[in-house]
Amino acid sequence: MEPGEPAGVPFNLSRAAAETPRGEFNLSGLPEAEGKPLFGIGIENFITLIVFGLIFTLGVLGNTLVITVLARSKPGKRRSTTNIFILNLSIADLAYLLFCIPFQSTVYVLPTWVLGAFICKFIHYFFTISMLVSIFTLSAMSVDRYVAIVHSRRSSALRVPRNAMLGVGLIWALSFAMASPVAHHQRIFHRETSNQTFCWEFWPNPRHKKVYVICTFVFGYLLPLLLISFCYAKPVFIGDINLCITFLWTSLVFMKRGSARERNLLLGERERREEREEKKEKRREEKRRREEKREERERREEEKKRERREEREKEKKRREENLLSEKKGKEKEKKEKKICKQNQAPTKCHEW
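The numbering of the sequence shown is UniProt numbering, which starts it at 1 and goes up by one.
Here it is in structure tokens:
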């Protein structure tokens with residue numbers, strides 16, 4: 001339901017609510033509301049309520065999940081500008097689902113408006129605010145992407161959380177200001193014959209309404225559309241396929257022509273990519289050299305261990321040979337002494 005569409009009954013009230021010369025509405029032509037409040041509302045209204053319920057459930061779950069994930073940032077880590085804009089977009093959508101959908105659904109259930117003048121003004125006012133916030137946030141995200149790609153050297157100074165928060169504040173301020181005429185001209189009308197109440201948008205001067213509709217169309221649709229188209233179309237011609245996938249999430253387009261500045265940007269990106277590849281190759285080469293040195297060191301240690309083991313074996317063998325030779329020498333000496341005692345005089349054997 002648009003901000004200017006009446007709330008209270010699901011049928012068309014434009015013909016019946018004709019404006020009188022005094023600036024008041026003639027509600028005598030409105031048909032009587034038929035059917036029970038909850039049952040007998042008609043198959044079309046019943047299907048509309050089911051669709052509203054699905055939109056409300058899925059929208060609340062999805063936006064709540066997005067807000068929970070983006071709001072929980074690690075300590076000491078700054079939020080990116082993109083996350084701030086996405087968070088703002090989810091907050092606007094969730095606020096619309098919580099504050100507008102439940103009240104608007106009563107139009108398809110109840111034959112008359114029972115929520116009072118404040119809710120009548122509030123839901124139409126907040127509907128317009130959430131719509132404008134969503135449009136302006138999408139435009140801000142497009143400008144943010146444009147600065148990141150086209151002005152990549154200065155983007156680090158511009159794309160900071162402080163500027164993003166200022167942009168979000170400006171978006172909400174503009175939305176509140178642009179939607180204020182809706183709240184001012186939304187009124188409650190009562191038909192005494194059937195004791196029914198309707199929530200209706202009333203402009204005393206039709207020219208003012210036309211001016212507001214034109215301004216809303218220009219500033220809320222036409223200019224944001226042109227801005228988004230420009231911001232997403234221009235970077236396609238200054239980046240290669242990787243830049244398009246990373247920053248635009250759009251179709252794969254190769255750059256054929258461009259200004260010298262754009263070509264320099266592309267060449268700079270390629271040089272940085274080649275430099276990263278060279279660094280990776282150097283790291284792999286250093287890792288291979290470290291592995292070779294480690295293997296060489298292990299091989300030398302194994303050789304030293306083997307040499308020490310062989311030396312110990314040789315030393316042990318020499319000691320065994322010395323012990324064996326000493327033992328044989330002693331046995332030979334004993335035999336000679338014995339022979340000497342048997343064959344020669346004891347005085348000569350005393351020399352032993």
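Note that the Cβ used here is the ideal one computed from N, Cα and C, for glycine as well.
Nothing here was measured: the structure is a model prediction, and the numbers come from that model.
Under a Cβ-count criterion, where at least 16 other Cβ atoms within 10 Å of its own Cβ denotes burial, should residue i be classed as buried or exposed?
| i | result |
| --- | --- |
| K293 | exposed |
| A117 | exposed |
| G220 | buried |
| S142 | buried |
| F217 | exposed |
| E291 | exposed |
| C199 | buried |
| E201 | buried |
| A18 | With a pLDDT of 34 at A18, under the threshold of 50, the modelled position of this residue cannot be trusted, and the question is left open. |
| G167 | buried |
| L208 | According to the sequence displayed, residue 208 carries His and not Leu. So H208 counts as exposed. |
| I43 | exposed |
| T81 | buried |
| I47 | exposed |
| H151 | exposed |
| I339 | exposed |
| residue 367 | Residue 367 cannot be examined here, being either before or after the span of the chain that is shown, 1 to 352. |
Assuming residue i and residue j form a contact by the criterion Cβ under 8 Å, report the distance between their Cβ atoms to the nearest whole angstrom.
| i | j | result |
| --- | --- | --- |
| F103 | I119 | 6 Å |
| R63 | T137 | Checking the sequence shown, residue 63 turns out to be Asn, not Arg. That pair is no contact at about 13 Å. |
| V133 | S175 | 5 Å |
| S105 | L49 | 6 Å |
Taking 8 Å as the cut-off, decide whether the C-beta atoms of residue i and residue j are in contact.
| i | j | result |
| --- | --- | --- |
| F56 | L97 | yes |
| K121 | Q186 | yes |
| I171 | A140 | yes |
| C215 | Y146 | no |
| I86 | V66 | yes |
| P224 | I101 | no |
| I84 | A164 | yes |
| residue 367 | P161 | Residue 367 lies beyond the range of the chain shown here (1 to 352); nothing can be said about it. |
| L94 | V60 | yes |
| D144 | R159 | yes |
| I228 | W113 | no |
My output table needs one value for residue i: the three-state DSSP class, helix, strand or coil.
| i | result |
| --- | --- |
| E333 | helix |
| H208 | helix |
| R272 | helix |
| E192 | coil |
| F122 | helix |
| C100 | coil |
| R187 | strand |
| L87 | helix |
| E200 | A quick correction: the sequence has Trp, not Glu, at residue 200. W200 falls in the strand class under three-state DSSP. |
| W172 | helix |
| S325 | helix |
| V150 | helix |
| S80 | coil |
| R72 | coil |
| T128 | helix |
| G42 | coil |
| S259 | Reliability of the predicted coordinates at S259 is poor, the pLDDT of 45 falling under 50, and no value is obtained from them. |
| P224 | helix |
| W159 | The sequence shown places Arg at residue 159, rather than the Trp named in the question. Note: R159 maps to coil in three-state DSSP. |
| G29 | Low confidence applies here, because G29 scores a pLDDT of 43, under 50, leaving its location unreliable; read the following figure in that light. Coil at G29, not helix or strand. |
| L138 | helix |
| T48 | helix |
| P111 | coil |
| K341 | helix |
Subject >> the region 126–144 / the region 161–181 touching (three or more Cβ pairs under 8 Å) >> reply: yes
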